[in-house]
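Asks: Take a look at this one; I'll ask things after.
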């Protein structure tokens, strides 16, 4: 496994600990290494 895959797995396991810096809502999914919050803000 490469570093990106390991980081993606880590984020998926701990997704509840991250919040969107724009709207402060929780992130609800990870797609292709991109975090997406409840209000559709995305960060990669």
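Residue numbers (this note's numbering): 326 to 369.
All residues carry an ideal CB built from backbone N, CA and C; glycine is no exception.
Given the structure is predicted, the values throughout are model-derived calculations rather than measurements.
#1: Quick check on the burial criterion: 16 or more other C-beta atoms within 10 angstroms. Buried or exposed for residue 348?
#2: Whose C-alpha, out of 355, 369 and 342, is nearest the C-alpha of residue 334?
#3: Buried or exposed for residue 352, please, with buried defined as at least 16 other CB atoms from any protein chain shown within 10 angstroms of its CB.
#4: Determine the direct distance from the alpha carbon of residue 328 to that of residue 340, and round the result to whole angstroms.
#5: Go ahead and pull the three-state DSSP assignment for residue 361.
Replies: So, from the data block:
#1: exposed
#2: It is 355 whose Cα lies nearest to the Cα of residue 334.
#3: The residue is buried, with at least 16 neighbouring Cβ atoms inside 10 Å.
#4: Rounded to whole angstroms, the separation of the alpha carbons of residue 328 and residue 340 is 18 Å.
#5: strand
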